[in-house]
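Using our numbering, the first residue of the sequence shown is number 28, and each one after it goes up by one. Quick reminder that beta carbons are idealized off the backbone N, C-alpha and C, glycines included. Below: one structure, written as structure tokens.
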Amino acid sequence: MAKLDGKKLLACCANGAGSSLMMENAIKKVMTRNNIKPASLTHCAVSEGKSAANSHDVVFCARTFAKTFEGIDPAKTTLILLKNVMSDKEIEAALKDAGLLD
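Next comes the structure, spelled out in structure tokens:
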């Protein structure tokens, strides 16, 4: 659980308005449920997220945008690709699969 404490998290969607805000809320549920306190959790459009990705520890986005983030440094930033960006259960499972959540 402490692996995400103090980390910078970013949720990205096509336009940075609707889906990413709902994804951010689902991520907040996971953080609350697991008593995690990230340094920040923000949302934005994929175009902005691509340039901001390397300054965040974890970036969440829909699988359809995977190619957008091909250039990020995996040593700095973990990319979490989601089928259903509004599913807190899927987000939690993906964080566990990435080794970021016990």
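At a Cβ-Cβ threshold of 9 Å, Lys-56 and Asp-115 count as neighbours. The residue among Glu-119, Ala-80 and Met-113 with its C-alpha nearest the C-alpha of Asp-100 is Ala-80. In terms of CA proximity to Ser-47, Asn-111 leads the group Lys-123, Asn-111 and Ile-63. Residue environment: Gly-76 is assigned as buried (16 or more neighbouring CB atoms within 10 Å of its CB, all protein chains considered). For Ala-66, the three-state secondary structure derived from DSSP is coil.
Here Ile-107 has Val-85, Val-86, Phe-87, Cys-88, Ile-118, Ala-121, Leu-122 and Ala-125 as same chain residues with Cβ atoms under 8 Å from its own Cβ, once five neighbours each way along the sequence are excluded. Within a 10 Å sphere around the beta-carbon of Ala-53 sit 16 or more other beta-carbons, which makes this residue buried. Residue pairing of Phe-87 in beta bridges, as defined by DSSP: Ala-38 and Ile-107.
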